[in-house]
Amino acid sequence: MDVILLAFVAVMCFSTGAKILSSEERNKVFNKRPIEVVDIKMYNKYCGYLVIGFGVAAEITLFVGAVFGGWVSGVSTLLLIGEAVLVVIIYGKIEKKLLKKR
Numbered sequence: 074m075d076v077i078l079l080a081f082v083a084v085m086c087f088s089t090g091a092k093i094l095s096s097e098e099r100n101k102v103f104n105k106r107p108i109e110v111v112d113i114k115m116y117n118k119y120c121g122y123l124v125i126g127f128g129v130a131a132e133i134t135l136f137v138g139a140v141f142g143g144w145v146s147g148v149s150t151l152l153l154i155g156e157a158v159l160v161v162i163i164y165g166k167i168e169k170k171l172l173k174k175r
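What follows is the structure, encoded as C-alpha cells:
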C-alpha cells in the first residue's frame with residue numbers, strides 16, 4: 074500500500090509540475106480566479122517548480138513514515154501538512170510579486 078501511495082504522489086506532482094512548466098497560458102493550479110500577472114512564463118516557472126519541490130518533499134516525508142512506521146508515521150503526516158502550508162505561503166509571496174500593478 075505504501076508503494077502505491079508513493080508512486081501516486083510522485084506521478085501526480087511531477088506530471089502536474091511538468092504540465093505547468095510547459096504551459097504558455099496562466100495555470101490554474103493554485104487559484105481558480107483569473108489573475109493578471111506581469112510575466113506568464115515566470116509565473117508558470119515558479120508554480121511548476123513549487124509543485125515539483127512539494128512532490129520531492131512529500132516523497133521523502135512519506136518514505137520515512139513508511140519505513141519507520143508507528144509514531145514516526147504520525148509525525149510524518151504532520152510534517153506533510155506543514156509542507157502544504159509552507160507551499161501556500163510561498164505561493165502567496167510569488168503571486169504578490171508577479172501581479173500586475175493597477
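Note that the sequence shown ends on residue 175 in the numbering used here; no numbers are left out. Using N, Cα and C, we set each Cβ at its ideal position, and we do this for glycine too. Since the structure is predicted, the reported quantities are computational estimates derived from the model, not experimental observations.
Taking 7 Å as the cut-off, decide whether the C-beta atoms of residue i and residue j are in contact.
{"i": "Ile65", "j": "Asn100", "result": "The first residue shown for the chain is 74 and the last is 175, placing residue 65 beyond what the model contains."}
{"i": "Val111", "j": "Lys169", "result": "no"}
{"i": "Ile167", "j": "Tyr119", "result": "yes"}
Quick test of your reading: residue i and residue j, contact by CB under 8 Å. State the CB separation rounded to the nearest angstrom.
{"i": "Gly128", "j": "Val76", "result": "Contact doesn't hold; Cβ gap of about 16 Å is too wide."}
{"i": "Gly165", "j": "Gly121", "result": "So it is not a contact: roughly 17 Å between Cβ atoms."}
{"i": "Ile113", "j": "Phe87", "result": "In fact, because the Cβ distance is near 22 Å, the residues do not count as touching under 8 Å."}
{"i": "Ser149", "j": "Asn117", "result": "About 30 Å; that fails the 8 Å criterion."}
{"i": "Ala139", "j": "Glu156", "result": "The pair is not a contact, with the Cβ atoms about 16 Å apart (cut-off 8 Å)."}
{"i": "Thr134", "j": "Leu153", "result": "5 Å"}
Note the first and the last residue of the continuous alpha helix (DSSP H) segment covering residue i.
{"i": "Phe103", "result": "Segment: none, Phe103 is in no alpha helix (DSSP H) and carries neither H nor E."}
{"i": "Ser186", "result": "Any answer about residue 186 is impossible in this case: the structure gives the chain only from 74 up to 175."}
Who pairs with residue i in a beta bridge, going by DSSP?
{"i": "Leu172", "result": "Val110"}
Kindly indicate which three-state DSSP category residue i falls into: helix, strand or coil?
{"i": "Gly128", "result": "helix"}
{"i": "Gly155", "result": "helix"}
{"i": "Gly142", "result": "coil"}
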